[in-house]
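*Asks:* This is the structure I have questions about; it appears just below.
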Amino acid sequence: MLLEIKNLHASIGEKEILKGLNLSVKEGEIHAIMGPNGSGKSTLSAVLSGNPAFTVTKGSVRFKGMDLLGMAPEDRSREGLFLSFQYPVEIPGVSMVNFMRTAINEHRKYRKQEAMNASEFLKLMREKKALVELDNTLASRSVNEGFSGGEKKRNEIFQMAMLDPLLSILDETDSGLDIDALRVVAEGVNKIQTPQKSCIVITHYQRLLDYIVPDKVHVLFDGRIVKNGDFQLAKELEKHGYDWVKQELSD
Amino acid sequence: MGKETNYINLFRNYREVLRQYSSPLMDAKRDAAMGIFEKRGFPKPGDEAYRQFPLDNLLEIDYGMNLYRMSTPAHPAKVFRCEVPSLSTQLFFVVNDVYYPDNKPHHLPEGVLYGSIDKILRDYPELMAPYYGRLSEQSDDAFAALNTAMSQDGFLLYVPAGVEIEQPLQLIQLFHGEIDQMANRRNMVILEEGAAAKLMICDHSMTQNSCLSNQLTEIFVGEKARLEYYELEMTHSQNARICNTFIDQQASSTVFVNGITLNNGVTRNNLTLRMLGEKAESKSSGFSLLDQKQVSDYHIAVEHLVSECNSQQLYKYILDDESRGVFAGKVLVHPDAQKTNAYQSNANLCNSDKARMNAQPQLEIYADDVKCSHGSATGQIDENALFYMRSRGLSEQEARMMLKFAFVADVIEGIQLIPLKNRIHNLVGKRFRKQMSACAGCDIC
Chain A
258 MLLEIKNLHA
268 SIGEKEILKG
278 LNLSVKEGEI
288 HAIMGPNGSG
298 KSTLSAVLSG
308 NPAFTVTKGS
318 VRFKGMDLLG
328 MAPEDRSREG
338 LFLSFQYPVE
348 IPGVSMVNFM
358 RTAINEHRKY
368 RKQEAMNASE
378 FLKLMREKKA
388 LVELDNTLAS
398 RSVNEGFSGG
408 EKKRNEIFQM
418 AMLDPLLSIL
428 DETDSGLDID
438 ALRVVAEGVN
448 KIQTPQKSCI
458 VITHYQRLLD
468 YIVPDKVHVL
478 FDGRIVKNGD
488 FQLAKELEKH
498 GYDWVKQELS
508 D
Chain B
721 MGKETNYINL
731 FRNYREVLRQ
741 YSSPLMDAKR
751 DAAMGIFEKR
761 GFPKPGDEAY
771 RQFPLDNLLE
781 IDYGMNLYRM
791 STPAHPAKVF
801 RCEVPSLSTQ
811 LFFVVNDVYY
821 PDNKPHHLPE
831 GVLYGSIDKI
841 LRDYPELMAP
851 YYGRLSEQSD
861 DAFAALNTAM
871 SQDGFLLYVP
881 AGVEIEQPLQ
891 LIQLFHGEID
901 QMANRRNMVI
911 LEEGAAAKLM
921 ICDHSMTQNS
931 CLSNQLTEIF
941 VGEKARLEYY
951 ELEMTHSQNA
961 RICNTFIDQQ
971 ASSTVFVNGI
981 TLNNGVTRNN
991 LTLRMLGEKA
1001 ESKSSGFSLL
1011 DQKQVSDYHI
1021 AVEHLVSECN
1031 SQQLYKYILD
1041 DESRGVFAGK
1051 VLVHPDAQKT
1061 NAYQSNANLC
1071 NSDKARMNAQ
1081 PQLEIYADDV
1091 KCSHGSATGQ
1101 IDENALFYMR
1111 SRGLSEQEAR
1121 MMLKFAFVAD
1131 VIEGIQLIPL
1141 KNRIHNLVGK
1151 RFRKQMSACA
1161 GCDIC
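If you read the sequences in order, they're chains A and B. When the count follows my numbering, it moves up by one through the first sequence with no breaks and lands on 508 for the last residue. When the count follows my numbering, it moves up by one through the second sequence with no breaks and lands on 1165 for the last residue.
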């Protein structure tokens, strides 16, 4: 098992958002987590990536058998966890190239590998940029600064390709994307995917799942996973909305 | 009278010595300056201009002064290695407040005068008389007055009309010796019409004793002249620097001033820049990187006296631990200075609860057809950016360092001297990695 979440409770400030969430992801699996606004989807991605704004009050998360919650955000990344942010952060004054080179080399240092030399690095960058059709000039600019919504999301997938994670969490990567950008981003994700790698796709809508086809679909509601299924479940949700799930729960 | 008395008595008791060991031009200004100092005294607690500056501790120390002009025992270049090498072969030294004469040929264009201000004032009294003391005597700053009363040497650069010096000049100002001491360094830069020069001054200390540098620099930039003037301080916690710089700019001249406080104890930099001729342009910029109990206090005043001049100010501070920063920037636009463009920007990063920043951006405009703006902001590192970077595998320390770097990147980018820009880039990295402040001695030996 790559990721095993048991009875996870998490809050921001006094407010409890995750209320006993369970989820297991095996190597090679693609999971979709769907759910209405405010159900806790983004909190889940924040907690898994180690965002200090959230407090875990109960439960456990094991990643590659290790206690994920005890790890610093940077170590989670170095161990192969990646979060594609719903709202990528702009960092004026830090160039993409410098940012990625530092990130790659910190990963390598963690694995006791030597730092990548400049030409190797540039080659890698060229290769991965092509994957998501990222504009050449973007790489020399400051991280996400002045990027359009679509460029920001592409930039997330580019970083994912660069860091080559075992588990990627795509937090509403489809939001704010037009249909062409959505296709590019999704194809990028698919090209990166291998039988060893897993992916959690968090989304409101089915449309991303037309491109990134999930093995399992979960419905998150009020801080818990209340329904599990396959791709069929996503289609039903798209058709009927979440109300019937809520209805079912109250019955 | 409190602490002033020591200096007033010293002046009286050694008046003859000062006369004997300095040029007549310097000596002629002393009594009037001491008069100002006696009248004003050191800034008092209620004195607005020095309100945030911790003077008391500085003035407690009994500093020695080298009134008899003892020369330094060792050649500074042999005991000192500058962190900004290969910038130029045109290297000059002032040790404490003594210009160190070397016999190296400098290959500067004909007519250029450079070296000991004392010697040049003696050798060219007629040429220098219109300049020496002209800007400083308009100031009522106690330290400026004390400098004029007591100073005996420093560095002078004179570039005659139409002469352009391509190669940058570098002046190293060092403290050296076994006692607590005060150096009244006196510098002067004169660019006549159409002249051009680039001067960089680095402050260092090679002693762990307490040192107070009370510096005064007068800069005259003639019509269409171009000056790049850099100051870089890399001293340590026992060092205090009080520096008054006066710049007068004539028509169509351009001035680029940059001041970086990379490592220090207590620093006060007063810059007064006057734009006296039309179509003059000035850019002043700088940053201070502060930690522990370091203090950096910049007072910048840019005065537009005539029309169609442009001025820009960009100053940044990064404060850690219990450090303190002060930025008081003023733009004064006189009634006749129509079509002025004046911009001022100040931004500060406070990284600890105990660090403190005081910012006082000021615009005073008495003309009606001008474009002026100013802005000042003090904040903390963006936690979202920090988390974003960590989520990509950067350690918190590395991420913080990159964000700090990014914060001052525009000031570094603005440095026009490319080798210096690259060097500053490296030094800032070293500073953030704490490879500099740990032991000032290591940086040197």
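Built from N, CA and C at the ideal position, the CB exists for glycine as well. Please read these numbers as outputs of a predicted model, since none were measured by experiment.
#1: Between A/R333 and the rest of its own chain, which residues show a CB-CB distance below 6 Å, the 5 nearest in sequence each way excluded?
#2: Based on Cα-Cα distance, which residue from A/T300, A/E261, A/F378, A/H497 lies nearest to A/D479?
#3: Is the stretch 844-864 of chain B touching the stretch 760-772 of chain B, taking contact as three or more C-beta pairs under 8 Å?
#4: Is any beta-carbon of chain B found at less than 7 Å from that of A/L395?
#5: Determine, using beta-carbon pairs with one atom in the stretch 1107-1114 of chain B and one in the stretch 908-926 of chain B, whether at least three such pairs fall under 8 Å.
#6: Checking 7 Å against the spacing of the C-beta atoms, do B/T868 and B/S856 come in under that value?
#7: Assuming A/K321 and A/E336 make a contact with CB atoms under 8 Å, what is their CB distance in whole Å?
#8: For A/A372, go through chain B and note every residue whose CB falls closer than 7 Å to its CB, in chain order.
#9: Please name the residue, chosen from A/D428, A/I459, A/A418, A/P452, that lies closest to A/E444 on a Cα-to-Cα basis.
#10: Is it a yes or a no for the stretch 493-507 of chain A touching the stretch 813-829 of chain B, going by three-plus beta-carbon pairs under 8 Å?
#11: Among B/S933, B/L991, B/K1141, B/A1000, which one has its Cα closest to the Cα of B/I781?
#12: Which residue or residues does DSSP assign as beta-bridge partners of B/H1054?
#13: Determine whether the beta carbon atoms of A/V483 and A/I469 lie at a separation below 7 Å.
#14: Is the beta carbon of A/V354 within less than 6 Å of some heavy atom of the ligand FMN?
#15: Please confirm if the stretch 1021-1039 of chain B is in contact with the stretch 997-1009 of chain B, defined as three or more CB-CB distances below 8 Å between the two stretches.
#16: I need the straight-line Cα distance from B/N733 to B/D900, nearest angstrom please.
#17: Leaving out five residues before and five after B/V737 in sequence, what residues of the same chain have Cβ atoms less than 8 Å from its Cβ?
#18: Looking at the structure shown, is B/T1098 part of a helix, part of a strand, or coil, going by DSSP?
#19: Using CA atoms only, rank isn't needed, just tell me which of B/L876, B/F812, B/L991, B/M1122 is closest to B/C838.
#20: Nearest to A/S352 by CA position, among A/L338, A/N412, A/G407, is which residue?
#21: Let me check one thing: in DSSP terms, what residues is B/F812 bridge-paired to?
#22: Among A/L325, A/L465, A/F311, which has the Cα closest to the Cα of A/I290?
#23: Determine, for A/A360, whether the minimum Cβ-Cβ distance to residues of chain B falls below 7 Å.
#24: Exposed or buried, A/M258, counting other C-beta atoms within 10 Å across all chains shown (16 or more means buried)?
#25: What first and last residue would you give for the beta strand (DSSP E) that runs through A/R365?
#26: So, does the CB of A/V346 fall closer than 7 Å to a CB anywhere in chain B?
#27: Closest to A/S399 by C-alpha separation, out of B/Q935, B/D1130, B/N1142, would be which residue?
#28: If you follow the alpha helix (DSSP H) that A/T300 is in, where does it begin and where does it stop?
#29: What's the C-alpha gap between B/V1051 and B/L1025?
#30: For a cutoff of 7 Å on Cβ pairs, would you count B/R685 as touching chain A?
#31: Could you spell out the range, first to last residue, of the beta strand (DSSP E) harbouring B/L1083?
#32: Cutting at 6 Å between CB atoms, please list the residues of its own chain near B/G1095, excluding the five before and the five after it.
#33: Can you name, in chain order, every residue of its own chain whose Cβ lies under 8 Å from the Cβ of B/K1074, other than the five neighbours on each side?
#34: What residues from the stretch 384-416 of chain A come within 7 Å of chain B, judged by C-beta to C-beta, listed N to C?
#35: Between B/A1067 and chain A, is there a C-beta pair that is closer than 7 Å?
#36: Taking the alpha carbon of B/R771 as the reference point, which residue from B/G985, B/Q1080, B/I1085, B/N964 has its own alpha carbon closest?
*Replies:* Once the coordinates are examined:
#1: Exclusion of the five residues before and after A/R333 leaves G307 as the residues of its chain whose Cβ lies within less than 6 Å of its Cβ.
#2: Answer by Cα proximity: A/T300.
#3: With the cut-off at 8 Å, the stretch 844-864 of chain B and the stretch 760-772 of chain B touch.
#4: No, A/L395 lies away from the interface with chain B (no Cβ there is under 7 Å from its Cβ).
#5: Verdict: no, contact absent.
#6: Less than 7 Å divides the Cβ of B/T868 from the Cβ of B/S856.
#7: 6 Å between Cβ atoms; contact.
#8: In chain order: nothing, as chain B lies at least about 13 Å away.
#9: Comparing alpha carbon positions, the residue from A/D428, A/I459, A/A418, A/P452 closest to A/E444 is A/A418.
#10: With the cut-off at 8 Å, the stretch 493-507 of chain A and the stretch 813-829 of chain B do not touch.
#11: For the residues B/S933, B/L991, B/K1141, B/A1000, the minimum Cα distance to B/I781 belongs to B/S933.
#12: Answer by DSSP bridge pairing: none, since B/H1054 is not bridged.
#13: No, Cβ-Cβ distance for A/V483 and A/I469 is not below 7 Å.
#14: Ligands in the displayed structure: none, and consequently the ligand FMN is not present.
#15: Counting Cβ pairs under 8 Å, three or more are found: they touch.
#16: In a straight line, the C-alpha of B/N733 is about 20 Å away from that of B/D900.
#17: Excluding residues up to 5 positions away in sequence, L787, Y788 lie with their Cβ nearer than 8 Å to the Cβ of B/V737 in the same chain.
#18: Assigned with DSSP and collapsed to three states, B/T1098 falls in strand.
#19: At residue 838 of chain B the sequence reads Asp, which differs from the Cys that was named. For B/D838, the nearest C-alpha among the options comes from B/L876.
#20: Looking at the Cα atoms, A/N412 is the closest of the given residues.
#21: DSSP output for B/F812 lists B/L891 as bridge partner(s).
#22: Check the Cα spacing between A/I290 and each of A/L325, A/L465, A/F311: the tightest is with A/L465.
#23: The beta carbon of A/A360 sits closer than 7 Å to some beta carbon of chain B.
#24: Counting other Cβ atoms within 10 Å of its Cβ, A/M258 stays below 16 and is therefore classed as exposed.
#25: From DSSP, A/R365 is part of no beta strand (DSSP E) but of the alpha helix (DSSP H) over 353-367.
#26: The Cβ of A/V346 sits closer than 7 Å to at least one Cβ of chain B.
#27: Minimum Cα distance to A/S399 is reached at B/D1130.
#28: 298-306 is the extent of the alpha helix (DSSP H) around A/T300.
#29: In a straight line, the C-alpha of B/V1051 is about 11 Å away from that of B/L1025.
#30: Residue 685 of chain B is absent from the structure shown; chain B starts at 721 and stops at 1165.
#31: That run of the beta strand (DSSP E) goes 1076-1085.
#32: Once the five neighbours on either side are set aside, the close Cβ partners of B/G1095 are S1065.
#33: These residues qualify, in order along the chain: D1041, E1042.
#34: Using a CB distance below 7 Å, the part of the stretch 384-416 of chain A facing chain B consists of Q416, ordered along the chain.
#35: B/A1067 does not count as touching chain A.
#36: Looking at B/G985, B/Q1080, B/I1085, B/N964, the one whose alpha-carbon comes closest to that of B/R771 is B/Q1080.
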